[in-house]
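*Asks:* Numbering (my numbering), first residue to last: 240 to 686. Where is the CB? At the ideal position from N, CA and C, for every residue including glycine. For clarity, every value in this text was computed on a predicted model and none was experimentally measured.
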Ligand SMILES: [Zn+2]
C-alpha cells in the first residue's frame, strides 16, 4: 500500500514543510505558500509501464477501474480505496481533427482535441473533484464550499450531493455563464451571489471556510490538482501511449497547467516517459496576468525563489487601477490566479510559453471547433486561437503533434454562442433565417 507514502509539502524550497494528508490545509501554515501532494515513490507500487493502466478498461464493473481518474490511482494514491469518490468521470475523447488543424495551420494528422466537456458535469473540473472529494471523505468533512467562475460550482454541487456533503458555492454577480449557473442550482447547492468578480469571491470563500470549518474546493486545494493530472495520462493513452510534442491549455486560475507540469515531472521521475512535452498556456487579453508577468516582467520559477516583489507590485497596480478582468471566456476571467507559482514551476518543467488572444479570436476559434468538432465553451477555444499565434510565430511547427485541452462543453455558455451566430459577430457566424409559415417560401430557403 502506498497511502502512508503520501504527504503534503510546501512548494517553497526555503520552507519545504511537510504535513500529513489527514490535515486540511489551504496554504502552508509556516510560510503561507501553496502546498503539493507528494509521494515517497519508493514505497508506491507503480506499474512498470503506462500501458499497464490501459488494461483496467477490461474491468468496467470495478468502479475505480471505470473512472478515468482512479484507473491511474497509483499515481495519486493519497487515500485508501474506501474513500475514493467517483461518478464516472474521465470518460473523455482525444479526437484527431484535420479540419481544425487546417484552421490552425497544422499539417493533417498533427492536431488532437481532448474533450474534457464529456465529463459528468460537462467540464474538466470533475477530474479534480473526484480526487478532492475523496480527500474530503478521508478527513471526515460534512460541508464544502468553493468560489467559482461557474464550472467549479457545477462540479462541486454534483460531487457533493453524490457523496453526501453539503455544498455552498460563491459566484460573482452577473459573471457566470447560464449553463453553469443552472447546474449548481439543479444539483442542489446553496448558491451565494457576491456583488463583485471572481477574485472577490475567492477572498471571501477562504475566510468563510476558515471561520466555519467548511472543506474548501478551490484550485489551491492540492488534491484537486492530483485528479487533474490524469487529463495528461489520458492524452498519452489516446495517442497509443505515446507523447505529444505540445500541450495547449487555457490559462485562468492556472490549476490545469500546474497539474499538467507536475504530472509530466512525476512520470519522468518514475521512468514512465523519456521526455517531457512542451506546454503553451493561453490567456485572454482581458485577463492576461500570466502572459504579462512571464513575457514582460520576466517572472520565472527560478528554482522556487519566485520574485515576490514583482507579483506584489503587479497586484498593487491592479488594485490601484481598480482593475477587473473582462473576457467573453468567463472561465478564465481571472486576474489574480491562485496557482501562479505552481504554474511558473510547470512552465519551467515543460519549457512552456504563454500567449494572450482576443475575444474575437476566441469566438472564431470556438465556432470552428463547433463546426468541425464536438464544440466547446469559449475558454477552451483560446487553445486553438493561441495555437494560431504560435504557428504564425514559428514557435510550433506544422508537423509537431499538438494536443489542445478543451476544458468545457459547448452547452455551458449558450448565450455567447447564440449571440455570436445571431448577431453575425464573426467570420463563422451561422445565423438562423426568418421564414414565413409557407411551404414554397421555406423550400426556397433550403440550401
Ligand atoms: Zn511553507
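Name the residue from 630, 269, 374, 284 whose alpha carbon lies nearest to the alpha carbon of residue 640.
*Replies:* To locate residue 640, count along the chain shown from 1; it is residue 401. Residue 630 is the option with its Cα nearest to residue 640.
*Asks:* Quickly, what does DSSP pair residue 594 with across the bridge? List them, please.
*Replies:* Here residue 594 refers to the residue found at position 355 of the chain shown. DSSP, once it has assigned bridges, lists 521 as partnering residue 594.
*Asks:* Can you tell me whether residue 390 is buried or exposed? The criterion is at least 16 other CB atoms within 10 Å of its CB, across all chains shown.
*Replies:* Residue 390 sits at position 151 when you count from the first residue of the chain shown. Buried, since its Cβ has 16 or more Cβ neighbours within 10 Å.
*Asks:* For residue 325, which residues from the same chain have a beta carbon less than 8 Å from its beta carbon, with the 5 sequence-adjacent residues on both sides left out?
*Replies:* Walking along the chain shown from the start, residue 325 turns up at place 86. If we look at residue 325 and ignore the five residues flanking it on each side, its Cβ neighbours are 302, 303, 305, 306, 308, 309, 369.
*Asks:* Of the choices 675, 510, 634, 536, whose alpha-carbon is the least far from that of residue 280?
*Replies:* The residue given as residue 280 occupies position 41 in the chain shown. The option with the nearest alpha carbon to residue 280 is 510.
*Asks:* Hey, would you say residue 381 sits closer than 8 Å to residue 487, going by beta carbons?
*Replies:* Here residue 381 refers to the residue found at position 142 when the chain shown is read from its first residue. Here residue 487 refers to the residue found at position 248 when the chain shown is read from its first residue. No.
*Asks:* Within this structure, are the beta carbons of residue 491 and residue 618 separated by less than 8 Å?
*Replies:* The count along the chain shown starts at 1 and reaches residue 491 at position 252. The count along the chain shown starts at 1 and reaches residue 618 at position 379. Yes, these two residues count as a Cβ contact at 8 Å.
*Asks:* Would you mind stating whether residue 574 and residue 526 have Cβ atoms separated by less than 8 Å?
*Replies:* The residue labelled residue 574 in the question sits at position 335 within the chain shown. The residue labelled residue 526 in the question sits at position 287 within the chain shown. Yes. Within cutoff.
*Asks:* Using DSSP with H/G/I as helix, E/B as strand and the rest coil, what is residue 515?
*Replies:* Here residue 515 is taken as the residue at index 276 of the chain shown, counted from 1. Reduced to three states, the DSSP call for residue 515 is coil.
*Asks:* Closest to residue 396 by C-alpha separation, out of 413, 376, 430, would be which residue?
*Replies:* What you label residue 396 is simply residue 157 of the chain shown in a count that begins at 1. Considering only alpha carbons, the answer is 430.
*Asks:* At what residues does the alpha helix (DSSP H) containing residue 548 begin and finish?
*Replies:* Start at 1 with the first residue of the chain shown, and residue 548 comes out as number 309. Element bounds for residue 548: 547-559.
*Asks:* Which same chain residues end up closer than 6 Å to residue 240 when comparing Cβ atoms and leaving out the 5 residues on each side of it in sequence?
*Replies:* The sequence position of residue 240 within the chain shown is 1, counting from 1. Bear in mind that the predicted position of residue 240 carries a pLDDT of just 42, short of 50, making it unreliable; the figure below should be weighed with that in mind. Nothing meets the Cβ criterion.
*Asks:* Give a yes or no on contact between the region 549-558 and the region 522-541, applying the rule of three or more CB pairs nearer than 8 Å.
*Replies:* The answer is yes - the region 522-541 touches the region 549-558, with three or more Cβ pairs under 8 Å.
*Asks:* Rounded to the nearest angstrom, what separates residue 581 and residue 247 at their Cα positions?
*Replies:* If you number the chain shown from 1, residue 581 lands on position 342. If you number the chain shown from 1, residue 247 lands on position 8. Cα to Cα, the separation comes out at about 14 Å.
*Asks:* In terms of alpha-carbon separation, which member of 364, 461, 456 lies closest to residue 419?
*Replies:* Along the chain shown, read from residue 1 onward, the residue named residue 419 stands at position 180. Residue 364 is the option with its Cα nearest to residue 419.
*Asks:* In the DSSP assignment, find the alpha helix (DSSP H) that holds residue 656 and state where it starts and stops.
*Replies:* For the purposes of this step, residue 656 is taken as the residue at position 417 of the chain shown. Here the alpha helix (DSSP H) through residue 656 covers 653-661.
*Asks:* Compute every distance between the C-beta of residue 290 and the non-hydrogen atoms of ligand 1, then say whether any falls below 7 Å.
*Replies:* Here residue 290 is taken as the residue at index 51 of the chain shown, counted from 1. Residue 290: no, Cβ never under 7 Å from ligand 1.
*Asks:* Would you say the beta carbon of residue 643 comes nearer than 7 Å to a heavy atom of ligand 1?
*Replies:* Translated into the one-based positions of the chain shown, residue 643 becomes position 404. Outside the cutoff, so no.
*Asks:* Taking one C-beta from the region 603-614 and one from the region 640-657 each time, how about it: are there three or more such pairs within less than 8 Å?
*Replies:* The region 603-614, when compared against the region 640-657, does touch it at the 8 Å Cβ threshold.
*Asks:* Report yes if the C-beta of residue 251 is less than 7 Å from at least one heavy atom of ligand 1; otherwise report no.
*Replies:* The residue given as residue 251 occupies position 12 in the chain shown. Residue 251 Cβ: within cutoff of ligand 1.
*Asks:* In whole angstroms, what is the alpha-carbon distance linking residue 252 and residue 475?
*Replies:* Against the chain shown, residue 252 aligns to sequence position 13. Against the chain shown, residue 475 aligns to sequence position 236. Approximately 30 Å, taken between the alpha carbons.
*Asks:* Go ahead and pull the three-state DSSP assignment for residue 571.
*Replies:* Within the chain shown, residue 571 is the residue found at index 332, counting from 1. It is helical.
*Asks:* Using CA atoms only, rank isn't needed, just tell me which of 385, 412, 410 is closest to residue 404.
*Replies:* Here residue 404 is taken as the residue at index 165 of the chain shown, counted from 1. The option with the nearest alpha carbon to residue 404 is 385.
*Asks:* Would you tell me roughly how many angstroms separate the C-alpha atoms of residue 453 and residue 675, rounded to the nearest one?
*Replies:* Residue mapping note: residue 453 aligns to position 214 of the chain shown, counting from 1. Residue mapping note: residue 675 aligns to position 436 of the chain shown, counting from 1. Taking the straight line joining both Cα atoms gives about 57 Å.
*Asks:* Under a Cβ-count criterion, where at least 16 other Cβ atoms within 10 Å of its own Cβ denotes burial, should residue 379 be classed as buried or exposed?
*Replies:* Taking the first residue of the chain shown as 1, we reach residue 379 at position 140. Residue 379 comes out exposed.
*Asks:* So which of 531, 579, 620, 482 has the shortest CA-CA distance to residue 570?
*Replies:* For the purposes of this step, residue 570 is taken as the residue at position 331 of the chain shown. Per the Cα distances, 620.
*Asks:* Going by the CB atoms, is the gap between residue 643 and residue 353 shorter than 8 Å?
*Replies:* Position 114 of the chain shown holds residue 353. Position 404 of the chain shown holds residue 643. In this structure, residue 643 lies closer than 8 Å to residue 353 by Cβ.
*Asks:* Give me the residue from 541, 345, 651, 425 with the minimum Cα distance to residue 336.
*Replies:* Within the chain shown, numbered from 1, the residue matching residue 336 stands at position 97. Checking every option, the nearest Cα to that of residue 336 belongs to 345.
*Asks:* Counting C-beta neighbours from all protein chains within 10 Å, is the total for residue 296 16 or more, i.e. buried, or is it exposed?
*Replies:* Here residue 296 refers to the residue found at position 57 of the chain shown. By the 10 Å Cβ count, residue 296 comes out exposed.
*Asks:* Would the region 444-464 and the region 259-273 be scored as touching if the rule is three or more Cβ pairs under 8 Å?
*Replies:* The answer is yes - the region 259-273 touches the region 444-464, with three or more Cβ pairs under 8 Å.
*Asks:* Look at the Cβ atom of residue 449, then the Cβ atom of residue 428, and state whether they are nearer than 8 Å.
*Replies:* Translated into positions along the chain shown, residue 449 becomes position 210. Translated into positions along the chain shown, residue 428 becomes position 189. Cβ distance not < 8 Å, so residue 449 and residue 428 don't count as in contact.
*Asks:* According to DSSP, is residue 282 helix, strand or coil?
*Replies:* Taking the chain shown and counting its residues from 1, the one referred to as residue 282 is at position 43. Residue 282: helix per DSSP, three-state reduction.
*Asks:* Reducing DSSP to helix, strand and coil, say where residue 613 ends up.
*Replies:* Looking up residue 613 in the chain shown gives position 374. Looking at residue 613 - three-state DSSP - the assignment turns out to be coil, as it is neither helix nor strand.
*Asks:* List the residues that DSSP assigns as beta-bridge partners of residue 645.
*Replies:* For the purposes of this step, residue 645 is taken as the residue at position 406 of the chain shown. In DSSP, residue 645 forms a bridge with 354.
*Asks:* I need the DSSP call for residue 467, collapsed to helix, strand or coil.
*Replies:* On the chain shown, position 228 is the one that residue 467 refers to. Residue 467 falls in the helix class under three-state DSSP.
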